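Just remember that the working numbering sits 19 ahead of the position in the sequence shown, which is counted from 1.
What follows is one structure encoded as structure tokens, with my remarks underneath.
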Amino acid sequence: MGVGKNLSGAALAVGALLAQQAHAQDGSQAVTLPPVVVSATTVPTPASAVASSVTVITGQELQREQIRTIPDALRMVPGLNVVQTGGPGGQTAVFMRGTNSNHVKVLLDGIDIGDPSTPNGAFDFAHLLTGDIERIEVLRGPQSGLYGSDALGGVISIVTKKGKGPPKLSTRVEGGSFGTFNQAASLSGSQDRFNYAFNALHFRSTENPVTPLDLLAPGERRNNDFYDNWTYSAKLGADLSDALTLNAVARYTDAHLRFTGDDYVNFPTPAPEAMQDRQVNHKLFTRGEAVWSLFDGKLKNYFGVDYVNHWNWNFDPNSDSFTPFGSVAPPNTSVGERLQYDWRSVAKVLPGQTLVLGLQHETQKLRTDSTGSVIGGVFVPVETYAQNTNKAAYAELQSDFAERFFLVSNIRYDDNASFGPHTTWRVAPAVIVPGTETKLKGSYGTGFKAPTLTELYVNNPSIGQVANPDLRPEISKGYDFGFEQPLFNGRLRFGATYFHNEISDLIVTQFNPATFTFVYKNIGSAETHGIEAFAAAALTDQLKVRADYTWTATRDNTTGLGLLRRPAHKLSVSTVWTPLDGLTLSSTVLYVSSWVDVNRDTAVFIPRLDAPPYTTVNVAANYEVNPHLTVFAQADNLFDRHYQNPIGFERPRFGVFGGVRLTN
20 MGVGKNLSGA ALAVGALLAQ QAHAQDGSQA VTLPPVVVSA TTVPTPASAV
70 ASSVTVITGQ ELQREQIRTI PDALRMVPGL NVVQTGGPGG QTAVFMRGTN
120 SNHVKVLLDG IDIGDPSTPN GAFDFAHLLT GDIERIEVLR GPQSGLYGSD
170 ALGGVISIVT KKGKGPPKLS TRVEGGSFGT FNQAASLSGS QDRFNYAFNA
220 LHFRSTENPV TPLDLLAPGE RRNNDFYDNW TYSAKLGADL SDALTLNAVA
270 RYTDAHLRFT GDDYVNFPTP APEAMQDRQV NHKLFTRGEA VWSLFDGKLK
320 NYFGVDYVNH WNWNFDPNSD SFTPFGSVAP PNTSVGERLQ YDWRSVAKVL
370 PGQTLVLGLQ HETQKLRTDS TGSVIGGVFV PVETYAQNTN KAAYAELQSD
420 FAERFFLVSN IRYDDNASFG PHTTWRVAPA VIVPGTETKL KGSYGTGFKA
470 PTLTELYVNN PSIGQVANPD LRPEISKGYD FGFEQPLFNG RLRFGATYFH
520 NEISDLIVTQ FNPATFTFVY KNIGSAETHG IEAFAAAALT DQLKVRADYT
570 WTATRDNTTG LGLLRRPAHK LSVSTVWTPL DGLTLSSTVL YVSSWVDVNR
620 DTAVFIPRLD APPYTTVNVA ANYEVNPHLT VFAQADNLFD RHYQNPIGFE
670 RPRFGVFGGV RLTN
């Protein structure tokens, strides 16, 4: 029931500035901090004036470190834990500040790209490539006061590249370990009042060893995962006059995955299947927008419409995989659609005062044939449809007093056809202390997550699942406070932020022994808190280092135990060195401490175990031979660390990759 389309026009407005910025994370001002942040307010705002914790990853960093997928781009971000079932294409969840994986709202050019057909609403990051990405903003903390449903943990906003300047043609080819063979091509530019950017991206990895050997039956051969992703995108803009601009963006992904599923013939203990499952994902994200400026730009109105379509096809060829009766389940298809109309107005009402108003109307639809019944040992599918609508209005006031004290406050009202009205809000003050230039910041906000269409309306007798149309939204309240300190004219910066979240009315399945069914109920609650700390230094003009540390504590208030897949400690260190003109060397070190997980092969009998910690090191080199030719190489998991995350799925071991990039 999200918001989020607000970011599109703002992102386009600052695209030319942001394209020049290097990697930044909240707090690194003079060394690496970008001049503006958009996601915290939907309005381009100086980073020094933002009280929220925001990490920014630019396209320049993605290219420098040769990061090809969004999951890999997010692994170093403080406050996040990225969990992927194996290699590229494997299902990927992100846990932010200890909240659930379905408590993160994901935007692409302002479009809410969540899949309405997903049962619990968690976004799968697996199929997002980075070749056309200008920047990623990771906004942490409850954000429903501006973004509505799903933003309990925070928001991840992805912005694609905008064309500018003379026509530019760029191509990239690379290959390496695990059968990797990737290509990319782009054409972009601008002329007079028109700008354009077209991209074609191909990611292929054919030999990913994912299944642990100790899970296989004696003599059984491991089938390595296969992944193939074609992504096409276009971004267009036209200034019809000084007062009227039209923008359009479209992105289509065709992804194919072959992976080893779990065989429940020996129920309740699963084992890797002999034949691979097949999965096909078609994803279409589109937005059209008109921007009408009045009073010399002091009042801007954004009128937009978004359409999102997720088409997912799955087939398990193993005859004993679905039921103990020896039948083969037919392929199943699910389609999730979202259509949203929105209006946003940004007014410079007084010097240092910006007022944002917005309205939205959203319709979500689901169609699936994955539900049904087992009759005579044969699964009989039943096609199911569901739909829900949400209307919303919001207001935000952004205040700047003497460039020393900043305050952002917002409030939002949602009216949902399923559960009725819901109000959320947020305040975020920041002050820069004269003399020391210490930045003190804090925020307090509320959040909610609407029940999914599956939880509300989809019954599946074959697995005993029962929907509940009376579900309430999950709700939360959270706060954070911290500081950032620059020294030596900004060449050294450090800071820390404490965060705390309380979540209630969590939707969980409750077993009913009388009917032998699982019913969705609002009966869960949880708490999370922790600390995010950083230090960034420009040791020389050629050598820059940044370190981030996150401590996270979680508690399930029903059981008193910690939440699954939330490591207590995470430490990342990144280094960038330019020893010669045209040569850039970079490295990243990531340490993740032990976490509580479930075991893939004995989940029923051993619901909790302590997963071992791991450390990985990646290095990359880029050399600009001339303005038109760049050669690059990288080594991932340099010391060949053997680890699983989650347990039961091997992460890629040592891999070497390299290629060339050509531009006109």
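Note that the Cβ used here is the ideal one computed from N, Cα and C, for glycine as well.
Computed from a prediction, not measured in an experiment: that's the story for all the values here.
{"Item": "For R423, count neighbouring Cβ atoms within 10 angstroms of its own Cβ and tell me buried if that reaches 16, exposed if not.", "Value": "exposed"}
{"Item": "Count the other C-beta atoms from every protein chain shown that fall within 10 angstroms of the C-beta of H122, then say buried if there are 16 or more, exposed otherwise.", "Value": "buried"}
{"Item": "Give me the DSSP bridge partner(s) of Q202.", "Value": "V192, H221"}
{"Item": "Look at A68 and F420 and say whether their C-beta atoms are less than 7 Å apart.", "Value": "no"}
{"Item": "Between A290 and the rest of its own chain, which residues show a CB-CB distance below 6 Å, the 5 nearest in sequence each way excluded?", "Value": "D282"}
{"Item": "If you drop the 5 nearest sequence neighbours on each side, which residues of the same chain put their C-beta closer than 6 Å to that of L127?", "Value": "I177, F304"}
{"Item": "Which same chain residues, not among the five before or five after G371, have their C-beta less than 6 Å away from its C-beta?", "Value": "D419"}
{"Item": "For a quick check, are the C-beta atoms of R491 and F438 less than 7 Å apart?", "Value": "yes"}
{"Item": "Using 8 Å as the Cβ pair cut-off and three pairs as the minimum, do the stretch 636-645 and the stretch 69-81 touch?", "Value": "no"}
{"Item": "Residues bridged to T264 by DSSP?", "Value": "D258, V310"}
{"Item": "How big is the Cα-Cα spacing for V96 and F114?", "Value": "11 Å"}
{"Item": "Can you tell me which of Q504, Y215, T60 puts its alpha carbon nearest to the alpha carbon of V452?", "Value": "Q504"}
{"Item": "Cα-Cα, which of V450, H647, T272, E308 is closest to F500?", "Value": "V450"}
{"Item": "Quickly, what does DSSP pair P505 with across the bridge? List them, please.", "Value": "R512"}
{"Item": "Below 7 Å CB to CB, which residues in the same chain sit around V611 once its five sequence neighbours on both sides are set aside?", "Value": "P586, K589, P632, Y633"}
{"Item": "Which of helix, strand or coil does DSSP assign to L558?", "Value": "coil"}
{"Item": "Out of curiosity, what's the CA-to-CA distance linking L263 and W311?", "Value": "5 Å"}
{"Item": "Report the three-state DSSP secondary structure of A68 (helix, strand or coil).", "Value": "helix"}
{"Item": "Under a three-way DSSP split, which group does P488 fall into?", "Value": "coil"}
{"Item": "Have a look at F334 and T471 and give me their C-alpha separation to the nearest angstrom.", "Value": "24 Å"}
{"Item": "Restricting to Cα atoms, I'd like to know which of Q82, Q85, T137, D143 is closest to V101.", "Value": "D143"}
{"Item": "Here's the rule I'm using: 16 or more other beta-carbon atoms within 10 Å means buried, otherwise exposed. How should K181 be labelled?", "Value": "buried"}
{"Item": "Under 7 Å between the Cβ atoms of E308 and N328?", "Value": "no"}
{"Item": "For the 8 Å Cβ check, are there 3 or more pairs between the stretch 429-436 and the stretch 134-143?", "Value": "no"}
{"Item": "Let me confirm a value: A236 is counted as buried when at least 16 other C-beta atoms fall within 10 Å, else exposed. Which label applies?", "Value": "exposed"}
{"Item": "Does the stretch 613-622 come into contact with the stretch 594-604, if we say contact requires no fewer than three beta-carbon pairs (one atom in each stretch) closer than 8 Å?", "Value": "no"}
{"Item": "Taking the alpha carbon of L234 as the point to measure from, which residue in V299, V644, F668 has its own alpha carbon closest?", "Value": "F668"}
{"Item": "If you draw a straight line from the C-alpha of G238 to the C-alpha of D620, how long is it?", "Value": "18 Å"}
{"Item": "Please name the residue in A572, R565, P480 whose C-alpha comes closest to that of T534.", "Value": "P480"}
{"Item": "Helix, strand or coil for G674? Go by DSSP, reduced to three states.", "Value": "strand"}
{"Item": "Roughly how many whole angstroms lie between the Cα atoms of A112 and E84?", "Value": "22 Å"}
{"Item": "On the three-state DSSP scale, how would you describe R565?", "Value": "strand"}
{"Item": "When you compare each of V427, S209, R386, H661 to N351 by their alpha carbons, which one comes out closest?", "Value": "R386"}
{"Item": "To the nearest angstrom, how far is the alpha carbon of V679 from that of Y326?", "Value": "36 Å"}
{"Item": "Looking only at its chain, what residues have a beta carbon closer than 6 Å to the beta carbon of Y662, apart from the 5 residues adjacent to it on each side?", "Value": "Y633, R670"}
{"Item": "Hey, would you say F18 sits closer than 7 Å to R87, going by beta carbons?", "Value": "Any question about residue 18 goes unanswered here, given that the chain covers just 20 to 683."}
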